[in-house]
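Quick note: to get our numbering, add 648 to the position in the sequence shown (first position is 1). Every residue gets a Cβ at the ideal spot worked out from N, C-alpha and C, and that includes glycine. Quick caveat: nothing in here was measured; it's all calculated off a predicted structure. Here is the structure we will look at.
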Amino acid sequence: MSKYLIKGAAVLGGESADLLIVDGRFAPLEESQGATEISAEGLVALPGLVDLHTHLREPGREDAETVLTGSQAAAKGGFTAVHAMANSMPVADTAGVVEQVYRLGQEAGWTEVRPVGAVTVGLAGQRLAELGAMADSRARVRLFSDDGMCVWDPVLMRRALEYVKAFDGVVAQHAQEPRLTEGAQMNEGAVSAVLGLQGWPAVAEESIIARDVLLAQHVDSRLHVCHVSTAGSVEIIRWAKARGVKVTAEVTPHHLLLTDELVRSYDPVFKVNPPLRTSEDVQALRLALADGTIDVVGTDHAPHPSEAKECEWAQAAMGMTGLETALSVVQHTMVETGLMSWQQVAKVTSQTPARIGQLPWQGGSLSIGESAHLVLLDPAARWTVDPKAMATKGRNSPFAGLELPGRVIATFLNGHPTVLDGELNTPAQPVDAAASGGR
Ligand SMILES: [Zn+2]
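See below:
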């Protein structure tokens, strides 16, 4: 029997209280005899974070990341579940590949790894992948995305939206009109004009989102918009939600903080898809996350080997790491600005993503009887981001050298401490939560 008594944590940022975990679940304090005590004075207790958007790179790009290193990074960042995007090599477009990723996650034991299934075979945008077979597989896929590529063909997008209704799945779109972004290197605007770099217009994102919310309404299905990056996209999503469209949306930590001004340095660490936008966009995204127009924070953690980033801007790969800095950036941009309470942070980083991903055992409220997935955060801590000190293989953090608030002190996965004193502890025993039917 394992028993942990967490003493004096501010539960969801509120009153300080003790939390007892017995055999993986929160239990009444009367049963605390013999428990290992963990002092949590001054720490905030949140449900374990759930990421809908992680690139774990395995199979195929183990030089960039593996399921093991990516899930260790997730644990250090406070995550108890991540959704592994399908753009591996081979692409996760069959039951075989999603089951492989799922099994690797179980074996690693640092966080729950939920594979995302590709919408189209090979992400090629030509024909639908085996969505039903992936949904019925042991990996129990509910989120489908060609992320990295846009499902451009409106007929395929419509079919995918119709198909996933059978198992209450969701199609997560990487909204990027391909013709409008051919050769694009950064946000189209004043900075791109000065630098002479090919621009990436906001309308390339907004036009796809506008089309997709109408398609989702037409077939009455669930659409999730990945990494929203412009103020105009926010307006379209707000309009769609007001009309009752079943759309959810995500914003990345980097789009909540960074702007295209950083591209003036020509440092490829700031090259990302969708690109960093303007300060007006950043402000609109923060307000949209606070008012619920944007539902969740998704990291879009995208590790790359150094050679893919330490080169000229035009040749550099797009993407940034994010698992180990996400909660700190959310504290910095949303909590310390007064836009959000910790209770709202729990909603956008854990409870709502768990609902979208159909993981009812994740994203709880730290109540008795629930599976004990939780993170303890020291909100008073300050730290300077050092990519070399991270668990991810990727060194491409855009926050390197920046001082951020908030440190993850402990992460509990199914009642097991995967992180203690801010360092990796030991992995948890595999638990097939879906198979055991658990909350
Ligand atoms: Zn994407």
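The beta strand (DSSP E) enclosing residue i, as first and last residue numbers
{"i": "residue 1053", "result": "1051–1061"}
{"i": "residue 664", "result": "664–670"}
{"i": "residue 700", "result": "697–702"}
{"i": "residue 656", "result": "651–659"}
Check: residue i C-beta below 7 angstroms from any heavy atom of ligand 1
{"i": "residue 725", "result": "no"}
{"i": "residue 784", "result": "no"}
{"i": "residue 795", "result": "yes"}
{"i": "residue 699", "result": "no"}
{"i": "residue 872", "result": "no"}
{"i": "residue 948", "result": "yes"}
{"i": "residue 921", "result": "yes"}
{"i": "residue 1021", "result": "no"}
{"i": "residue 822", "result": "yes"}
{"i": "residue 875", "result": "yes"}
Test: residue i CB closer than 8 angstroms to a CB of chain D
{"i": "residue 1010", "result": "The structure shown contains no chain D; it holds only a single protein chain."}
One or two residues paired with residue i in a DSSP bridge
{"i": "residue 834", "result": "847"}
{"i": "residue 825", "result": "In the DSSP output, where bridge partners are listed per residue, residue 825 has none listed."}
{"i": "residue 1030", "result": "1053"}
{"i": "residue 686", "result": "654"}
{"i": "residue 706", "result": "Paired residues: none, contrary to the question."}
{"i": "residue 674", "result": "669"}
{"i": "residue 896", "result": "872"}
{"i": "residue 731", "result": "762"}
{"i": "residue 1019", "result": "673"}
{"i": "residue 1064", "result": "1061"}
{"i": "residue 768", "result": "776"}
{"i": "residue 1014", "result": "Residue 1014 pairs with nothing; no bridge assigned."}
{"i": "residue 820", "result": "872"}
{"i": "residue 949", "result": "702 and 968"}
{"i": "residue 944", "result": "898"}
{"i": "residue 862", "result": "Answer is none; residue 862 lacks a bridge partner."}
N-terminal and C-terminal residue of the alpha helix (DSSP H) that residue i is part of
{"i": "residue 884", "result": "879–890"}
{"i": "residue 1001", "result": "1000–1004"}
{"i": "residue 752", "result": "743–756"}
{"i": "residue 955", "result": "954–957"}
{"i": "residue 973", "result": "Neither: residue 973 is in no alpha helix (DSSP H) and is coded neither H nor E."}
{"i": "residue 806", "result": "802–812"}
{"i": "residue 993", "result": "990–994"}
{"i": "residue 903", "result": "901–905"}
{"i": "residue 715", "result": "715–724"}
{"i": "residue 782", "result": "779–784"}
Alpha helix (DSSP H) segments (min. 4 residues) lying fully within the stretch 911–941: Positions of the alpha helix (DSSP H) runs, each at least 4 residues long and wholly inside the stretch 911–941, are given as 927–939 in order along the chain.
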